[in-house]
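In the numbering used here, the protein residues as written are -16 to 303.
Pasting the structure below:
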């Protein structure tokens, strides 16, 4: 009897959310298909992924949210090993970006089994790889301000309360210089490799994660005008046209220099504090990831599409 191969799978066994618990049940139900590796930290996840890549594993699966994925990606960076994604986080931004079912683990596993590998850009912020987006200043400050205890008690509201607090603080001043000479000044910077930010918000409407370019939003003013313009941009899908407080750039590389040390986040995880942040993708440059040929929606969305298609169909009348 030929046995199906087991995929090395890296996951966080301490996941406390409902999605995390469902993911653990799924892993146990399909344990014969995986070589399970529970991790206690992002560093351990990164080291395990790096070990698998050095040993020539063709595929390594990350089961978790965008933070878990980022840790595994850091270990796979620069290798030929492909990333398989089992979304089990709150937002699952990267899975949404690639069209992987983000709310259905069996269907996400079907994508892995199909084995279609795509290459996408992999950028770095001060040497730390990220696959989706990074932020300097405001959004990283909100992440830094939000404690695990508040997230457990309040959920997404915890970030909103932190944002209100951060908005009342004196913002840093930043200089943004792109590799091609473009220059902007502002108080916060977001850099997107993909189009999505924070779930299903399409902030970077020109983004293409295969064009070797970052899409960059430079926020010129702090305070509530920034919030209003951002909300207007999210609603219209075009922050560039939302108001005078936001500039939209595209660049292969850029450097952000602040007037003081500021927090930096990559893929929603706090990376550190720096006064200068260099973005680029010279090394490792690309990431191999298993993804569907076309985006796969939820079964509800597909059912709605099928109903719409059926209502448009009209039978051909036969002539007697």
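Where a beta carbon is used, it is the ideal one built from N, C-alpha and C, also for glycine.
A quick note: this is a predicted structure, and the numbers were derived from the prediction, not measured.
Close-in-space but distant-in-sequence residues of the same chain around residue 192 (CB under 6 angstroms, 5 per side omitted) = 103, 104, 176, 177
Beta carbon proximity, residue 235 to chain C, threshold 7 angstroms | Here there is only one protein chain, and chain C is not present.
Outcome for residue 207 when other beta-carbon atoms lying within 10 angstroms are tallied against a minimum of 16 = exposed
So, is residue 98 buried or exposed, given that buried needs 16 or more other C-beta atoms within 10 angstroms?
-> exposed
DSSP beta-bridge partners for residue 257?
-> 245
DSSP state of residue 116 mapped onto helix, strand, coil | strand
Taking C-beta to C-beta, are residue 201 and residue 252 nearer than 7 angstroms?
-> One thing to note: residue 201 has its Cβ no nearer than 7 angstroms to the Cβ of residue 252.
Go ahead and label residue 24 buried or exposed: buried means 16 or more other beta carbons lie within 10 angstroms of its beta carbon, across all protein chains shown.
-> exposed
Endpoints, the alpha helix (DSSP H) within which residue 70 is located = First-last for residue 70: 65 to 70, but that is the beta strand (DSSP E), not the alpha helix (DSSP H).
Is it right to say residue 123 is buried, meaning 16 or more other beta carbons lie within 10 angstroms of its own, or is it exposed?
-> buried
Report all residues from its chain with a CB closer than 7 angstroms to the CB of residue 128; omit the five preceding and five following residues, and keep chain order.
-> The residues are 145, 148, 149.
Excluding sequence positions up to five away, which residues of its chain have a Cβ less than 6 angstroms from the Cβ of residue 300?
-> Low confidence applies to residue 300: its pLDDT is 48, below 50, so where it sits in the model is not reliable enough to give any reading.
In DSSP terms, what residue 104 is bridged to | 269
Bounding residues of the alpha helix (DSSP H) (the contiguous stretch that carries residue 55) = 49 to 59 is the extent of the alpha helix (DSSP H) around residue 55.
Proximity below 7 angstroms, CB of residue 118 to CB of residue 248 | yes
Close beta carbons around residue 26, own chain, < 8 angstroms, minus the five adjacent residues each side = 54
Of all the alpha helix (DSSP H) runs that stay within the bounds of the region -14 to 49, which reach a length of 4 or more residues?
-> The qualifying runs are 1 to 12, 25 to 37.
Does the region -6 to 11 come close enough to the region 75 to 92 that 3 or more CB-CB pairs lie under 8 angstroms?
-> Touching, yes, given that three or more Cβ pairs across the two stretches are closer than 8 angstroms.
Per DSSP, which one or two residues make a beta bridge with residue 262?
-> 108, 237
State the Cα-Cα distance for the pair residue 262 and residue 39, rounded to the nearest angstrom.
-> 29 angstroms
Consult DSSP for residue 152 and reduce its assignment to one of helix, strand or coil.
-> coil
Do you know how far the Cα of residue 276 is from the Cα of residue 114?
-> Taken atom to atom, the span from the alpha-carbon of residue 114 to that of residue 276 is near 19 angstroms.
Roughly how many whole angstroms lie between the Cα atoms of residue 256 and residue -12?
-> 42 angstroms
Inter-residue Cα distance where the pair is residue 34 and residue 58 | 8 angstroms
Opposite residue 185 in the DSSP bridges: which residues?
-> 179
Residue 80 - containing alpha helix (DSSP H), residue span = Unbroken alpha helix (DSSP H) run through residue 80: 76 to 81.
What are the partner residues of residue 157, as DSSP defines its beta bridges?
-> 169, 241
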